[in-house]
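Notes for the one structure printed next.
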């Protein structure tokens, strides 16, 4: 049925199939989806943290400044604390620092 292709569910009313809207997602489903977004945001900056720590250990200077690295760590911590925000899971996640997307990613 075409209605199913648009997200409707089939139900029976008076022995006749009808298309109805699906129930809204539960709070648990919304929270799981928001946690997945949060986890993806953390993963997207893992490499920046790792590169900075490696550069510090090598002692050859770092790509990020100390202030940028501290900003990055605060951003990542705010992602971890997002589930404590009022309105969770409908609260917006914090935005990454502008420099996070401007960093070159190594290619192999």
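Numbering (the working numbering), first residue to last: 38 to 145.
Yeah, the Cβ is synthetic: ideal placement off N, Cα and C, and Gly gets one too.
A quick note: this is a predicted structure, and the numbers were derived from the prediction, not measured.
Other residues of its chain near residue i: CB distance less than 8 Å, five sequence neighbours each side excluded
{"i": "residue 85", "result": "101, 109, 137 and 140"}
{"i": "residue 131", "result": "112, 115, 116 and 119"}
Proximal residues to residue i (C-beta, below 6 Å), its chain only, five neighbours per side dropped
{"i": "residue 94", "result": "none"}
{"i": "residue 126", "result": "67, 68 and 71"}
Pairwise C-alpha distance: residue j and residue i
{"i": "residue 145", "j": "residue 58", "result": "Low confidence applies here, because residue 145 scores a pLDDT of 49, under 50, leaving its location unreliable and the question unanswered by this model."}
{"i": "residue 60", "j": "residue 49", "result": "16 Å"}
{"i": "residue 43", "j": "residue 133", "result": "34 Å"}
{"i": "residue 74", "j": "residue 63", "result": "17 Å"}
Beta-bridge pairing of residue i - partner residues as DSSP gives them
{"i": "residue 56", "result": "47"}
Given residue i as reference, the closest of the options once Cα atoms are compared
{"i": "residue 106", "options": "88, 73 and 63", "result": "88"}
{"i": "residue 135", "options": "82, 123, 73 and 98", "result": "82"}
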